[in-house]
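Below is one structure; the comments refer to it alone.
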Amino acid sequence: TPEIRDKVIAGNVNFESIDLSLATIDRVLRRQKMRMKQVYRVSFERNSVRHKDLRYEYVQRILQLDVMARPHEYLFLDETGFNLQKRRQRHWPKSHH
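So in our numbering the end of the sequence shown lands on 97, straight run, no missing numbers.
Laid out in structure tokens, this is it:
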């Protein structure tokens, strides 16, 4: 984006006489295996003693269902990445591909 280009140029005096295009920045980021990822905060409450106990109790209930004579099917929903504030924040981590 133009904002990225402007920040790169403003943040480094070595670029004073260089004109960077978006294609150049994109090419360099891809060469460095950088990909756009969404950033979100993890609540410390998630690791409280209360939540750890609730997770333990949940696992115990699942294990009890497994030993019952009647077969069970489980459906797991992952809501850990759901952002209640609906703000998008992104960063450029290195890709592991």
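All residues carry an ideal CB built from backbone N, CA and C; glycine is no exception.
In terms of residues, what are the limits of the alpha helix (DSSP H) holding residue 52?
For the purposes of this step, residue 52 is taken as the residue at position 52 of the sequence shown. In the DSSP assignment, residue 52 falls within the alpha helix (DSSP H) that extends over 49-67.
Between the C-alpha atoms of residue 36 and residue 29, what's the straight-line distance to the nearest angstrom?
For the purposes of this step, residue 36 is taken as the residue at position 36 of the sequence shown. For the purposes of this step, residue 29 is taken as the residue at position 29 of the sequence shown. For residue 36 and residue 29, the distance between alpha carbons rounds to 10 Å.
Using the Cα positions of residue 32 and residue 6, report the straight-line distance between them to the nearest angstrom.
By one-based count along the sequence shown, residue 32 stands at place 32. By one-based count along the sequence shown, residue 6 stands at place 6. Distance between the alpha carbons of residue 32 and residue 6: 20 Å.
Do you know offhand how far residue 51's Cα is from residue 57's?
Against the sequence shown, residue 51 aligns to sequence position 51. Against the sequence shown, residue 57 aligns to sequence position 57. Rounded to the nearest angstrom, the two C-alpha atoms are 10 Å apart.
For residue 95, which residues from the same chain have a beta carbon less than 8 Å from its beta carbon, with the 5 sequence-adjacent residues on both sides left out?
Position 95 of the sequence shown, counted from the start, is the residue given in the question as residue 95. Correct list, in chain order: 33, 34 and 35.
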